[in-house]
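Chemist: Position one of the sequence shown corresponds to residue 15 (my numbering), numbered consecutively onward.
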Amino acid sequence: MPKPTANPFPCTECGYDLRAATGEVCPECGCEITRRTYSRSSVEQDQSATAVEAFGETRKGVDWTLVVWLGCVAVPIVGQLAWVVLALVSGWRTLALRRLLKTQFLEGFKQHKFIAAWPSTMNAELGVALFGGLFTIVGSMNEMHPVVIAMLVLVRIAWLGLVSINNFSAATLALASSAKLGGDPPHPSFRYIHLAIFGAPILATPYFLLGVIDNVVKVPGWISTPLILFFVIACIFGIAGVIMIHTALEQASDALVESQRRHSRKAKRNGAGSGESSNQAAKPNFKPNSKPYSKQEIFPDPPPADGDGDVIPFEDDSPGPSRS
Numbered sequence: 015m016p017k018p019t020a021n022p023f024p025c026t027e028c029g030y031d032l033r034a035a036t037g038e039v040c041p042e043c044g045c046e047i048t049r050r051t052y053s054r055s056s057v058e059q060d061q062s063a064t065a066v067e068a069f070g071e072t073r074k075g076v077d078w079t080l081v082v083w084l085g086c087v088a089v090p091i092v093g094q095l096a097w098v099v100l101a102l103v104s105g106w107r108t109l110a111l112r113r114l115l116k117t118q119f120l121e122g123f124k125q126h127k128f129i130a131a132w133p134s135t136m137n138a139e140l141g142v143a144l145f146g147g148l149f150t151i152v153g154s155m156n157e158m159h160p161v162v163i164a165m166l167v168l169v170r171i172a173w174l175g176l177v178s179i180n181n182f183s184a185a186t187l188a189l190a191s192s193a194k195l196g197g198d199p200p201h202p203s204f205r206y207i208h209l210a211i212f213g214a215p216i217l218a219t220p221y222f223l224l225g226v227i228d229n230v231v232k233v234p235g236w237i238s239t240p241l242i243l244f245f246v247i248a249c250i251f252g253i254a255g256v257i258m259i260h261t262a263l264e265q266a267s268d269a270l271v272e273s274q275r276r277h278s279r280k281a282k283r284n285g286a287g288s289g290e291s292s293n294q295a296a297k298p299n300f301k302p303n304s305k306p307y308s309k310q311e312i313f314p315d316p317p318p319a320d321g322d323g324d325v326i327p328f329e330d331d332s333p334g335p336s337r338s
């Protein structure tokens, strides 16, 4: 049984890396090398492996946005650190998207508007996140003016909006690629994924604005309480959206891996079929009605000589008295 391997030119028997092999057999186990199979699928294997890794990194970037929807940004002291962490998360998400772009996997999904605009909106998210992170660090060292606080809150709201757009782009890619590659159909609840993704920042916006207004005038409880309730509902929506995106990206990764396995099996069968055809061509072509030669016909036993039938097996020919 072939050993598991991660190299793009594995031997079908032992998994040895055949990229440096120059002969027609594997230097490790002696198995015949079907180079046509490897040369045809090596590029697709490299791209598929890199795309799967990029999907995993994108999924981690989406998961880290739970820092917002778990309510960490609402905690007075921890919230400042949370916004700085989220700025670093945007950098991670940008690198994951750039790695996915290098595989050219997105080229087949440019008909989707969100996917086509994904690189631009991701760069915008990174820029706003870096500005907001630096603004948060500087502002935490000094007492900020209400105008500065208002500007910082607006930057954070814009950041949440860009995160939601990019998360929806990731979900769109995951669902489209899973359907194209023949993956598992999504759960019926996925039809509401856009409501969960975009509903979260919309419901959270009044709560963030409440912090700005509260620095100017005292907001009564009958106004602040519903806004806090809206933020709690926004967190529930945000958590649900992240879970659905995570699941969709996992299904897309599984569909991509399974598609590559099917392609590899098909290539191996094609290579084996060509080998069998050559072996059949090398065999002699016998006529259907011809009688096969037998050993008896080619080398018949000679007739027995006179007296051969009187010989008793194992009889002692030496002279002497007979044994009783």
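Yeah, the Cβ is synthetic: ideal placement off N, Cα and C, and Gly gets one too.
Just so we're clear, the structure is a prediction, and the values are computed from it rather than from any experiment.
#1: If you scan the region 189 to 229 from start to end, which runs of the alpha helix (DSSP H) of 4 or more residues do you find wholly inside it?
#2: So, does the CB of F145 fall closer than 7 Å to a CB anywhere in chain C?
#3: Nearest to S238 by CA position, among C249, V169, L111 and L223, is which residue?
#4: Please confirm if the region 241 to 254 is in contact with the region 188 to 196, defined as three or more CB-CB distances below 8 Å between the two stretches.
#5: Report the option in E264, R275 and P234 whose CA atom is closest to the CA atom of P8.
#6: Note down, in chain order, each residue of its chain lying with its Cβ closer than 6 Å to the Cβ of G6, except the 5 sequence neighbours on either side.
#7: With a 10 Å radius around its C-beta and 16 neighbouring C-beta atoms as the bar for buried, classify M136 as buried or exposed.
#8: Quick one: what's got a C-beta closer than 8 Å to P160's C-beta in the same chain, skipping five residues either side?
#9: I'd like to know whether the C-beta atoms of V66 and S273 end up nearer to each other than 7 Å.
#10: Flag this pair as touching only if the region 67 to 87 and the region 99 to 108 have three or more C-beta atom pairs under 8 Å; answer yes or no.
#11: Enumerate in chain order the residues of its own chain whose CB-to-CB distance from A210 is below 7 Å, with the five nearest sequence positions on each side excluded.
#12: Count the other C-beta atoms from every protein chain shown that fall within 10 angstroms of the C-beta of A262, then say buried if there are 16 or more, exposed otherwise.
#13: Rounded to whole angstroms, how far is the Cβ of A68 from the Cβ of R113, which I believe are closer than 8 Å?
#14: Is it the case that the region 146 to 157 contacts the region 90 to 101, given that we only count it when at least three CB pairs across the two stretches are under 8 Å?
#15: Looking at C-alpha atoms only, which residue of A188, K232, T219 and R279 is the closest neighbour of A269?
#16: Spatial neighbours of E42 within its chain, please: C-beta separation below 8 Å, excluding the five flanking residues on both sides.
#17: Below 8 Å on the Cβ atoms is my guess for N180 versus W132; work out the distance and round it to an integer in Å.
#18: Suppose you measure from the CA of T117 to the CA of A172; what does that come to, to the nearest Å?
#19: Is it right to say E139 is buried, meaning 16 or more other beta carbons lie within 10 angstroms of its own, or is it exposed?
#20: Does DSSP put I326 in a helix, in a strand, or in coil?
#21: Can you name, in chain order, every residue of its own chain whose Cβ lies under 8 Å from the Cβ of H260, other than the five neighbours on each side?
#22: Give me the Cα-Cα distance between G196 and H126, rounded to the nearest whole angstrom.
#23: Just list the beta strand (DSSP E) runs in the region 118 to 160, keeping only unbroken ones of 3 residues or longer that don't cross its boundaries, in chain order.
#24: Going by beta-carbon coordinates alone, are I129 and S178 separated by less than 7 Å?
#25: Using only the alpha-carbon positions, how far apart do T64 and K124 sit?
Modeler: By the coordinates alone:
#1: 207 to 228
#2: No chain C appears in this structure, which consists of one protein chain only.
#3: L223
#4: The region 241 to 254 makes no contact with the region 188 to 196: fewer than 3 CB pairs, one atom from each, lie closer than 8 Å.
#5: The chain is shown from 15 up to 338; residue 8 falls before or after that span and cannot be answered.
#6: This structure cannot settle anything about residue 6, because the visible part of the chain is limited to 15 through 338.
#7: With 16 or more other CB atoms across the displayed protein chains lying within 10 angstroms of its CB, M136 is buried.
#8: V226, N229 and V230
#9: no
#10: yes
#11: F251, A254, G255 and M258
#12: In summary, A262 is buried, with 16 or more beta-carbon neighbours lying within 10 Å of its beta-carbon over all protein chains present.
#13: 5 Å
#14: Two segments are said to touch when three or more pairs of C-beta atoms, one from each, lie closer than 8 Å; by this definition the region 90 to 101 touches the region 146 to 157.
#15: A188
#16: C25, C28 and Y30
#17: 7 Å
#18: Straight through space, the alpha carbons of A172 and T117 are spaced by roughly 30 Å.
#19: buried
#20: A caution first: I326 carries a pLDDT of 49, below 50, which makes its placement in the model too unreliable to give a value.
#21: Cβ neighbours of H260 beyond the five flanking positions: R73, V76 and D77.
#22: When rounded, the distance between both Cα atoms is 19 Å.
#23: The region 118 to 160 contains no whole beta strand (DSSP E) run of 3 or more residues.
#24: no
#25: 19 Å
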